[in-house]
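Residue numbers (numbering that gives the first Met the number 0): 0 to 281.
All residues carry an ideal CB built from backbone N, CA and C; glycine is no exception.
Written out below as structure tokens is the structure these notes cover.
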Amino acid sequence: MYRPIALAVLLSSLVSISACSAGDAPSSSDAAVNVASKTPPIHLRQTAVTLRDGQPVVQHQYQQASADCGHASGFTPIPAKDVGKLGRTYYEAWYEGDRLSVKADTWGFTLSGQQPCVFKVTHLSQRWFYQPGLSSAKHQLGQGADAHIVYLGGPVVHRAKAAVTQTDKDEEAEVMAELHQRGYGGTSKQEGQRKVDGQLCTVHVDTTRRYCALSAAEDWGFDGANDVAGAGGAYGDSPYTDAINLWEKPADGGDGSYLTTQSITVGKPFDERVFSVPDTVR
Numbered sequence: 000m001y002r003p004i005a006l007a008v009l010l011s012s013l014v015s016i017s018a019c020s021a022g023d024a025p026s027s028s029d030a031a032v033n034v035a036s037k038t039p040p041i042h043l044r045q046t047a048v049t050l051r052d053g054q055p056v057v058q059h060q061y062q063q064a065s066a067d068c069g070h071a072s073g074f075t076p077i078p079a080k081d082v083g084k085l086g087r088t089y090y091e092a093w094y095e096g097d098r099l100s101v102k103a104d105t106w107g108f109t110l111s112g113q114q115p116c117v118f119k120v121t122h123l124s125q126r127w128f129y130q131p132g133l134s135s136a137k138h139q140l141g142q143g144a145d146a147h148i149v150y151l152g153g154p155v156v157h158r159a160k161a162a163v164t165q166t167d168k169d170e171e172a173e174v175m176a177e178l179h180q181r182g183y184g185g186t187s188k189q190e191g192q193r194k195v196d197g198q199l200c201t202v203h204v205d206t207t208r209r210y211c212a213l214s215a216a217e218d219w220g221f222d223g224a225n226d227v228a229g230a231g232g233a234y235g236d237s238p239y240t241d242a243i244n245l246w247e248k249p250a251d252g253g254d255g256s257y258l259t260t261q262s263i264t265v266g267k268p269f270d271e272r273v274f275s276v277p278d279t280v281r
């Protein structure tokens, strides 16, 4: 019966922490600044996959289905070179200032509708372009398993955040840890920093997942809250507009979505043509 009272005290403490930081809040002019425009050239290569019992779900489903076919008449397996792609989404992202370009290729399989054991690879190709002068739009080229979809959107916009002292962070972490211990969802905590391909990232843990957000990206307004791995190549807005996470996995390390980084460069120029929108969708 005392739990709500205790929670109220904790929440009031959190409000007090925020109030203490109010003096450091950005001015109206600062808040109007798009800090994303300060983002240096960044190039990412990443892979997302859903695991169950330590195995890629879609790849395992294919292996079971193809094994069931055995030596059936007309059995046509997927080429061996493609089996390792099944169930995976391969991301490539480029940032510079308020511009963002993302490429995602998701691989799966299907059965021919005419014969029971004829397997075919499916490939969903998606591109996102965010930059000044573009309006939100979706263009689908092709149909079915091999569709190519292009999304357009305006520039990446992140507003300046209020400055927070280390004392504020420590006090907030203490409150959040207490809430987490009492079983309230939606809380998160930090677990230090790691390095991925030479870049520092900050480890965050909440009730469902653990992720490592590029530490430097906080200065450009990225918060890492978006679930990149869970997006799994799904249709819609790109999770990269708000998050630059170098890895993600379930909080318990078990079944769920995983994101890994194969390479990342920060501050190294790349070919400007990655921001060129195809003429067919303009």
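From the DSSP output, in three-state form, read off residue i for me.
{"i": "H157", "result": "coil"}
{"i": "Q130", "result": "coil"}
{"i": "D97", "result": "coil"}
{"i": "S36", "result": "helix"}
{"i": "K119", "result": "strand"}
{"i": "A66", "result": "helix"}
{"i": "Q113", "result": "coil"}
{"i": "D81", "result": "helix"}
{"i": "V276", "result": "coil"}
{"i": "Q125", "result": "strand"}
{"i": "Q165", "result": "helix"}
{"i": "D270", "result": "coil"}
{"i": "D104", "result": "strand"}
{"i": "Q58", "result": "helix"}
Can you give me the Cβ contacts of residue i inside the same chain, cut-off strictly under 6 Å, excluding the 5 residues immediately before and after it?
{"i": "Q62", "result": "none"}
{"i": "S26", "result": "For S26, the predicted structure reports a pLDDT of 42, less than 50, and the residue's modelled location is therefore unreliable. A value from the coordinates is still provided. If we look at S26 and ignore the five residues flanking it on each side, it has no Cβ neighbours."}
{"i": "L140", "result": "H147"}
{"i": "E91", "result": "R44, K102"}
{"i": "S237", "result": "V101, W127"}
{"i": "S95", "result": "According to the sequence displayed, residue 95 carries Glu and not Ser. Only P40 meet the Cβ criterion."}
{"i": "D145", "result": "H122"}
Report all residues from its chain with a CB closer than 7 Å to the CB of residue i; omit the five preceding and five following residues, and keep chain order.
{"i": "L325", "result": "Any property of residue 325 remains undetermined from this structure, which presents the chain solely from 0 to 281."}
{"i": "G266", "result": "P39, P40"}
{"i": "V32", "result": "A159"}
{"i": "A136", "result": "L151"}
If you measure between the beta carbons of residue i and residue j, is that distance less than 7 Å?
{"i": "S134", "j": "D97", "result": "no"}
{"i": "F274", "j": "S100", "result": "yes"}
{"i": "G132", "j": "T121", "result": "no"}
{"i": "Y210", "j": "E271", "result": "no"}
{"i": "Q189", "j": "I263", "result": "no"}
{"i": "T207", "j": "A250", "result": "yes"}
{"i": "V48", "j": "Y257", "result": "yes"}
{"i": "P55", "j": "S65", "result": "no"}
{"i": "G86", "j": "V57", "result": "yes"}
{"i": "F221", "j": "A242", "result": "yes"}
{"i": "T259", "j": "T46", "result": "yes"}
Between residue i and residue j, which are expected to be in contact by the criterion C-beta below 8 Å, what is the C-beta distance as a whole number of angstroms?
{"i": "H138", "j": "V149", "result": "5 Å"}
{"i": "A212", "j": "N244", "result": "5 Å"}
{"i": "H203", "j": "V34", "result": "With a Cβ gap of about 20 Å, H203 and V34 do not count as contacting."}
{"i": "D104", "j": "T88", "result": "7 Å"}
Only counting the same chain, and skipping five residues up and downstream in sequence, which positions put a Cβ closer than 8 Å to that of residue i?
{"i": "A71", "result": "P115, C116"}
{"i": "V195", "result": "C211, L245, W246, T260, I263"}
Sorry if obvious, but does the Cβ on residue i come closer than 6 Å to a heavy atom of the ligand ZN?
{"i": "D205", "result": "You won't find the ligand ZN in this model; it holds no ligand whatsoever."}
From the beta carbon of residue i, is the nearest beta carbon of chain C less than 7 Å away?
{"i": "S275", "result": "Considering every chain present, this structure includes no chain C. It has just one protein chain."}
What alpha helix (DSSP H) runs, 4 residues minimum, are completely inside the segment 188–252? 227–230
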